[in-house]
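Asker:
Numbering (my numbering), first residue to last: 1081 to 2284.
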């Protein structure tokens, strides 16, 4: 119980040791003083609160907000001292905001608890006491042996012990962890793989030693000690032995594994990290404005206090005959009296700080974020993926982006690789119809004659040599190809190297094969199956890298096919002839080495290493082969925009292999510094390589990438491409996608070797830009040069980058991408940055930028999980920024300014009133009006405005990207705009107060029954004028009118009148005093009061109307010009169908619209009315899919009122 309490309070001590020891089946040693380690239980807790800590924890978090804490202080002051207003006036709004936020957060946490209970209560099978026992997931303990069946998810992190397969392997998918849908093979150690029954597992004596829990999904260091017949056998454990919680078992009947990490210590749970808190520019401006208004509040309170004592310096006003002081008041301390009066004035004016601003902004962001998911323009039909919002706090930041940092592969390109060319032994080949054709030759073989064989490759024989090959047409026959007169003469050794290259491509990979595919028609199956005498119509390759899959499929088409692996045996068919290789070691790919290798035992018994990787990671370690020719070919491939890989091999002597095997085993069984020791072993092995050749794979551009980049450029957004590809490939893709123009002068900062050399090159580039300032420049930087530039010459590098039109950074490591983003982000101008990528290597960049966007691509879901927004294609970025970003920014900017404006209008008459009541702290408004002004009377119109306002039609915003510049650099929340709204609020407040005073103050006998006006009548008149004026002021700011705008605008004014009539017209028994009884009814009975209301409202708003008309005609902005052009598209909508009709009149209601249908009973025939009123001639059937490039929840069509 004590430990549970410590866990709940977060005081549970961390693990004392760096490793943990796990006894399989919890078979603890019986001798000695063994103290079992304490491990977490298997409960998953994603919730934030418990029933015990919800209230204190939630209150603590809410009162960390300055505005909430400020109102709490005001409320406490009202309770402690005699203040002019009731504590209810501050307490009720504060209670409302705190309660609404707490209910929202409590409901969200209740959903998390519900999901946790489903997961924790799921049935599982564990081996206990010699039998298979069913229990709940939360009851699994570290050391338990767990059975998992096919298509089930793993309930804990397990080390695989055995499977139903003889080799002890299993296939899994990790789509729920990283989004990768390919099958991955995991392995058990040989000593446990034979334990396939419960009795055998119960008798197993094994101990697992491994590292303590780590969030890295791809890192696991451990070893297993198995005791057999008194002998201890030690085997290394790595990521390939660990089955992660959340992954799913595939193509395997069942497996048994031992639990090593449970509950919140599992790798999946450790990845439940909170996103780093990003704050938008609007939020920062809002906090600045709050501080300014706090200054205004303090100034007014101090001034009022000083003026009160200045006024009371005269005896006649200090103690008038009608308000004699008590003895206690006469003897009280002047300092305490001054502080008390100051606090009283602070309470009186505190409503100038809008407490409801925060809750309104939260609601606007939360509800507004749904529009991104509902936008059909951002829906990708092929992959059935819609845009998703991971955080709604940054919606308005989409309208402020100045720099876009984008990955290349999978973001600008499709990440669908197609093999195009290769270089073998210094000769270039291209693939034509499944054949390798040497450069300069054509594929002139008649169709059907030995299809899919390396005809031209094998034609490279001397006049007298014959080669035995097998095809579907001539199995077991000798096929003789004689050298054509134009062919060069080569030797058998070269033929061996060329076949060795194809074998290396077929064997050096981590590709898996699935045979679970449905039957395919013969005509649509793989034709290679006929050419090589075996059927593969049920075989499909799965790979974690699209490059690997493309290369293995290409080798299969050419004639060297990987047909599968069984344990540590890999099988290939070379033109139909089966060959088996034993996999001795796999040297996994990592970002530092940038290569991967396999060590195999050949059918003849020798040992060979095949390796492939980037040319910069392979060529420096090669000692033989056509190195220079291959280097030239790699550069040529890159210039064509192909992704390049270099392939090499190394043959080991028996003595060399014994040394290699010893080094690898020692490194892999180490528990300390395993990664460093493995890197040393890999470097020792991957040297003295024989170069075999290189491959060129094409990754085609995504649709509309060029148009998107051009639109961003016209919007004033600079695009930087950050990629790990080599220089030539990256430049070629940049040119093809429009990032670089053909007329652009390309500047290079490449292969810099020292700080001085880098600095000198940067100065040369800066001078050249100044000299050729007329033309556009593009800059290309590689990773090595970038490291030097960022180390000592940041300012010089930034100066060059800011003066060029486009920047391309190639050969970039993931952390370098984040450093570049941080460099721009923290520069003196502090521009708003956006990073977009699709892979795990883009996560650091996405998290570093102000706005991070993940692409739902083929490289997993790490980028999507760590992003703020996720879209399926790069082309959707244009609408996300130019339309949604534009709308979100203008909406929330107006919301913030309007809130401060209406609160200045609200509280300034209260300040002015003190000059007429001897600063006696008499309130002008009734306490109920003080409380409900921001909560009820003026809240809904601005909320609806902030959800639906559209200054310009969405299609106009997309067709004119330059309109994005009008809102850049937080222009709508600049100090000038803030000053305008604040001064406007003060002006209107003066008109409210003095207008009412002039019209009503001198002649107080204006009641219908001849009674005199009192202070409550005067205050109510000011309040009535104020509510009408601030509501109509927002109506003047509204450009896009729907029925909802009309409903809340006129409904708010009507609600105020109805509420006031009921509040003042009835004696409420639960109210101690009712100063407002019959005040409002008598006020409305006076014709003079109505006249005053109309005159004051017109006086306030008429100058604003004149100003808007004059500025629009004399000094129109580009946005206002576009408004007039798109007026026909932006007409007011008059029914619920405004939320469910799309641009061309097709039917289909959004979720919100369907909800409103049920509530209002409208939109009965949405399809017919929408189609009838649409301006498009196209009609849509009810069964047709409405997903095209111009339909959106935001592109609304005009609806005739008669249709509702």
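All C-beta atoms in this analysis are idealised placements derived from N, C-alpha and C, irrespective of residue type, glycine included.
Given residue 1474, which residues of its chain have a CB within under 7 Å of its CB, disregarding the five upstream and five downstream residues?
Answerer: These residues qualify, in order along the chain: 1358, 1360, 1931 and 1948.
Asker: Below 6 Å CB to CB, which residues in the same chain sit around residue 1934 once its five sequence neighbours on both sides are set aside?
Answerer: Counting only Cβ-Cβ distances below 6 Å, and skipping sequence neighbours, we find 1943, 1944, 1947 and 1950.
Asker: For residue 1516, name the three-state secondary structure that DSSP assigns.
Answerer: Residue 1516: strand per DSSP, three-state reduction.
Asker: Taking the straight line between their C-alpha atoms, what separation do you get for residue 1688 and residue 1586?
Answerer: Residue 1688 and residue 1586: Cα-Cα distance of roughly 14 Å.
Asker: Measuring alpha carbon to alpha carbon, tell me which of 1480, 1143 and 1765 ends up nearest residue 1960.
Answerer: With distances taken between Cα atoms, residue 1960 lies closest to 1480.
Asker: For residue 1659, which option in 2198, 1665 and 1645 has the closest C-alpha, if you only look at C-alpha atoms?
Answerer: Of 2198, 1665 and 1645, the residue nearest in Cα terms is 1645.
Asker: Which same chain residues, not among the five before or five after residue 1477, have their C-beta less than 7 Å away from its C-beta?
Answerer: Closer than 7 Å at the Cβ level, and outside the excluded window around residue 1477, lie 1360, 1361, 1912, 1930 and 1931.
Asker: Once DSSP output is grouped into helix, strand and coil, what is the label at residue 2041?
Answerer: In this structure, residue 2041 counts as helix in the three-state DSSP scheme.
Asker: Using C-beta distances below 7 Å, list every residue in its chain close to residue 2013, excluding the 5 sequence neighbours before and after it, in chain order.
Answerer: Answer for residue 2013: 1986, listed in chain order.
Asker: Using alpha carbons as the reference points, say which of 1991, 1723, 1972 and 1804 lies closest to residue 1447.
Answerer: With distances taken between Cα atoms, residue 1447 lies closest to 1972.
Asker: Please list, in chain order, all residues of the same chain as residue 1100 whose beta carbon is under 7 Å from its beta carbon, the five residues on each side excluded.
Answerer: Here the set comprises 1117, 1290 and 1292.
Asker: Rounded to whole angstroms, what's the CA-CA distance from residue 1678 to residue 1766? Just pull it up for me.
Answerer: C-alpha separation (whole angstroms): 10 Å.
Asker: Quick one: what does DSSP say residue 1454 is sitting in, helix, strand or coil?
Answerer: Residue state, collapsed to three classes: helix.
Asker: Taking C-beta to C-beta, are residue 1242 and residue 1268 nearer than 8 Å?
Answerer: Yes, Cβ-Cβ distance for residue 1242 and residue 1268 is below 8 Å.
Asker: Buried or exposed for residue 2124, please, with buried defined as at least 16 other CB atoms from any protein chain shown within 10 angstroms of its CB.
Answerer: Under this definition residue 2124 is a buried residue.
Asker: With a threshold of 7 Å on Cβ separation, who are the neighbours of residue 1784 within its own chain once the five nearest residues in sequence on each side are excluded?
Answerer: Only 1955 meet the Cβ criterion.
Asker: Should the region 1507-1518 be called in touch with the region 1814-1832, which here means at least 3 C-beta pairs below 8 Å?
Answerer: Judged by Cβ distances under 8 Å, the region 1507-1518 makes no contact with the region 1814-1832, as fewer than three pairs qualify.
Asker: Would residue 1966 be called buried (16 or more neighbouring beta carbons within 10 Å of its own) or exposed?
Answerer: Looking at its Cβ environment, which holds 16 or more other Cβ atoms inside 10 Å, residue 1966 is buried.
Asker: Taking DSSP's pairing of strands, which residues face residue 1304 in a bridge?
Answerer: Beta-bridge pairing links residue 1304 to 1288 and 1315.
Asker: Residues in the same chain with beta-carbon distance under 8 Å from residue 1651, minus the five sequence neighbours each way, listed in chain order, please.
Answerer: Closer than 8 Å at the Cβ level, and outside the excluded window around residue 1651, lie 1642, 1643, 1644, 1645, 1658, 1659, 1660 and 1661.
Asker: Based on the DSSP secondary-structure assignment, which residues constitute the bridge partners of residue 1646?
Answerer: Paired residue(s): 1649.
Asker: What number of angstroms, rounded off, separates the C-alpha of residue 1206 from the C-alpha of residue 1110?
Answerer: Taking the straight line from one Cα to the other gives about 23 Å.
Asker: Between which two residues does the alpha helix (DSSP H) containing residue 1853 stretch?
Answerer: Here residue 1853 belongs to no alpha helix (DSSP H), and DSSP marks it neither H nor E.
Asker: Hey, how far is the Cα of residue 2036 from the Cα of residue 2043?
Answerer: So the alpha carbons of these two residues sit roughly 9 Å apart.
Asker: Applying the criterion that 16 or more other CB atoms from any shown protein chain within 10 Å of the CB defines a buried residue, is residue 1159 buried or exposed?
Answerer: So residue 1159 counts as exposed.
Asker: In the DSSP assignment, the beta strand (DSSP E) including residue 1243 goes from what residue to what residue?
Answerer: It spans 1237-1243 - the beta strand (DSSP E) in which residue 1243 sits, taken as one unbroken run.
Asker: Following the continuous alpha helix (DSSP H) through residue 1755, name the residue where it begins and the one where it ends.
Answerer: From DSSP, the alpha helix (DSSP H) with residue 1755 extends over 1754-1765.
Asker: Just to confirm the assignment, what range does the beta strand (DSSP E) spanning residue 1687 have?
Answerer: Residues 1687-1693.
Asker: Give every residue of the same chain whose Cβ lies closer than 8 Å to the Cβ of residue 1472, excluding the five residues on either side of it in the sequence, and list them in chain order.
Answerer: If we look at residue 1472 and ignore the five residues flanking it on each side, its Cβ neighbours are 1445, 1446, 1448 and 1449.
Asker: Taking its Cβ as the centre, do 16 or more other Cβ atoms sit within 10 Å of residue 1731, making it buried, or is it exposed?
Answerer: Burial call: exposed.
Asker: Just to confirm the assignment, what range does the beta strand (DSSP E) spanning residue 2052 have?
Answerer: Here residue 2052 belongs to no beta strand (DSSP E), and DSSP marks it neither H nor E.
Asker: Grab me the residues of residue 2176's own chain with a C-beta within less than 8 Å of its C-beta, minus the 5 sequence neighbours each way, in chain order.
Answerer: Cβ within range, chain order: 2071, 2072, 2075, 2076, 2079, 2105 and 2109.
Asker: So the beta strand (DSSP E) residue 1179 belongs to, where does it begin and stop?
Answerer: Counting along the chain, residue 1179 falls outside any beta strand (DSSP E), though it belongs to the alpha helix (DSSP H) covering 1167-1200.
Asker: Which partner residues of residue 1654 appear in the DSSP bridge assignment?
Answerer: DSSP lists 1640 and 1657 as partners of residue 1654.
Asker: Use the C-beta contact count for residue 2190: other C-beta atoms within 10 angstroms, 16 or more gives buried, fewer gives exposed.
Answerer: Exposed, by the Cβ-count rule.
Asker: Helix, strand or coil, according to DSSP, for residue 2079 in the structure here?
Answerer: If DSSP states are grouped into helix, strand and coil, residue 2079 belongs with the helices.
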